[in-house]
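Heads up, the thing below is written out as structure tokens.
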Amino acid sequence: MCGRVSDSIGASGFLTALYRKYRPQGFDDVVGQEPVVRTLRNAVSAGNVRQAYLFAGPRGTGKTSLARILAKALNCAHGPTPDPDGTCHACVAIAAGTSLDVVEMDAASQRGIDDIREIRERVVLQPVEGRYKVYILDEAHQLTDAAFNALLKLIEEPPPHLVFVFCTTELQKMLSTVRSRCQTFVLSRPRLPEIVRYLKTVAEGEGIEAAEAALALIARSARGSFRDAVSTLDQLSAATEGKVTVQAVLQLLGAVEEEALFRICDFVVDRDTAGALTFLEELAEQGQDLGRLVTDLLEHLRHVLLVQHMGEVPDSLPLTDETRERLRAQANQLGESTVLRLCDLLAVAVDDMRQGGDPRLPLELALVKVTRPAADMERESIAYRLEQLESRAQPGHVHGPGTETGPVETAPPETAPKEPPSVELSQLQEAWQRTILPAVEQKSIPTASMLREAHPSQLDEDRLTVEFPAAASFHRQLAEEPKNATLLAEALYEVTGRKLALDFAVGENRGDGPEEAEQPAGEEEIVQLMKDTFDAREVGGDTD
Ligand SMILES: [Zn+2]
């Protein structure tokens, strides 16, 4: 009945012991939950303790620890008091998990009606030693409906000496009938400095030597869970004989040092392709897990985007003060379109990894493309589309209803659309096979394969000539069909951000006299005829 499962998840008995040893013992030890603690303290002081509480929050944030502190406050020999002494028989027993009046259940393993029946049979009994019988139900959302219904009867009219504390990581899965009878507290994820401070306490108490930077890394990987943080510290301490270095943390976690993430982005700011690739090589040689690098880099870019949009580093980000300053600076240096582009490119690497691929090549490609914009024309396209969206978001002048008798009209936006990005023929030629045809292929495979023999041959302002070899004049004819030509124009627009009018031409057979002579008579005339008929067809036009 008192068995605890969640404490020992993924940890040896010793790890569990360490977490238990350093869990907060009084309200003042609870880190980062000030509003909840204040309310509970006041309730105990005023003799206003409710009979059913619901503590919700991410795993490892200290829900059951808080429940135990509440139990101590109620049952302390010198209580009820918001400051239980921690030394009386009741406090000691509760801390050790041996109190007969505090029953901890894990709903993940004891979720059925029988367990609840047992509670119902036993609640009629008076507390053995203390004033209250406190039931702590961890992972309460996992109780069966039948068990919940049995519980409901209990918490509707509880015996006066009974207190329920439900703990859950998934508040929305709790029955509303149960929630409505509980006072609910949502525990927030602790911030990075709070976890670091907690780890420091543990390290000092256990005689573990650990650099602050190492503790910060551990804290970051714990993602808001005190339990995970202390478990990692303990593993590391055992592996390093009590001397936890940054290097050791990186090795164990495969985590990427923040420094590396900032440096990679600095290379992007400087458009230093060689520097970025060399640095990547170094990381790989040091045994850095490149898959982890990709995900950590994405997380870093997400932080950069947040800062760019909010104009400030959000408090919720798990960062040290020094890192916050640096992040703010980097967010100013990196263009938003560059960040978005890099995210897109890294997403490709993530996809590859999901299918078991090596992230190295897509990662390198991403860095090349983002440091050499000329080699990556899609980037221009995204920047362009963003600008378009922005100009469209400008409020137009709308006549208010009632002030006009005619139909309500929307005036065009005041700002003129921004100049589309410039593009050169050589860029189009370079991008033809690599980017443009794949974009066509996404719309139509036959159209793309028909265009494969062609290439961009001339660009005058917004008019692009696409040339087919003489032997493929039939393909040229097909390409001119509105359906196909439109697909190509759309693909070009996606890649370059420009609306290009298209001409289709057939190339001359350069310097291959004999072959030309061998051509069946009349073909040239047919070609010329088709050229006259179909040439100079404008696609896309000037309309939006
Ligand atoms: Zn006590």
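If you read the sequence shown in my numbering, its first letter stands for residue 108, the second for the next number, and so on. Even glycine gets a Cβ: it sits at the ideal position worked out from N, Cα and C. The model shown is predicted, which means the values in this text are computed figures rather than measured ones.
- Cβ contact annotation for L397 (same chain, cutoff 7 Å, sequence separation greater than five): A391, P466, R467, L470, in chain order.
- Counted as a single uninterrupted DSSP element, the beta strand (DSSP E) harbouring M212 occupies residues 209-213.
- Within 10 angstroms of the beta-carbon of D221 lie fewer than 16 other beta-carbons, which makes it exposed.
- At the C-beta level, V411 and A438 come within 7 Å of one another.
- Secondary structure at C198: helix, using DSSP grouped into helix, strand and coil.
- Of all C-beta pairs linking the region 154-174 to the region 265-285, three or more are shorter than 8 Å, placing the two stretches in contact.
- Relative to ligand 1, P421 has its C-beta separated by 6 Å or more from all heavy atoms.
- Secondary structure at R166: coil, using DSSP grouped into helix, strand and coil.
- For P191, the CB falls within less than 6 Å of some heavy atom of ligand 1.
- Taking C-beta separations shorter than 7 Å and ignoring five residues to either side along the sequence, the partners of F386 in its chain run R370, I371, F374, following chain order.
- In the structure shown, H268 adopts coil according to DSSP, grouped into three states.
- Here A317 is bridged, per DSSP, to V351.
- Taking the C-beta atoms as reference points, T380 is found no nearer than 7 Å to R448.
- Nearest in C-alpha terms to L259, of all of T284, L357, E246, is T284.
- Per DSSP, K606 is not a residue of any alpha helix (DSSP H), being assigned neither H nor E.
- Its chain contains G314, I315, E316 as the residues whose beta carbon lies nearer than 7 Å to that of G349, once the 5 sequence neighbours on both sides are disregarded; these appear in chain order.
- V401 and A456 do touch by the CB rule: their CB atoms are close to 5 Å apart, below 8 Å.
- Here D403 is buried, its C-beta having at least 16 other C-beta atoms within 10 Å.
- In the DSSP assignment, P563 is bridged to V573.
- Scanning its chain for C-beta atoms nearer than 7 Å, with the 5 sequence neighbours on each side dropped, one finds around V235 the residues L207, D208, in chain order.
- Straight-line spacing of the CA atoms in R286 and E311 works out to 41 Å.
- In the three-state scheme derived from DSSP, where H, G and I count as helix and E and B as strand, L390 is classed as helix.
- Rounded to the nearest whole angstrom, the CA to CA distance from H196 to A202 is 10 Å.
- Straight through space, the alpha carbons of V613 and A577 are spaced by roughly 5 Å.
- A direct Cα-to-Cα measurement between V156 and V351 gives close to 44 Å.
- By the Cβ rule, the region 332-343 counts as touching the region 294-308, because three or more pairs are nearer than 8 Å.
- Per DSSP, the beta-bridge partners of A159 are F271.
- In this structure, DSSP gives Y242 an extended state, which the three-state scheme calls strand.
- Residue pairing for A323: DSSP places it in no beta bridge.
- DSSP, read as helix, strand or coil, puts A346 in helix.
- Looking from the CA of Q565, the closest CA among Q549, L609, Y600, A598 belongs to L609.
- The three-state secondary structure of T291, taken from DSSP, is strand.
- A distance criterion of 6 Å places the beta-carbon of A184 in contact range of ligand 1, judged by its closest non-hydrogen atom.
- Between ligand 1 and the CB of C198, the shortest heavy atom gap is smaller than 6 Å.
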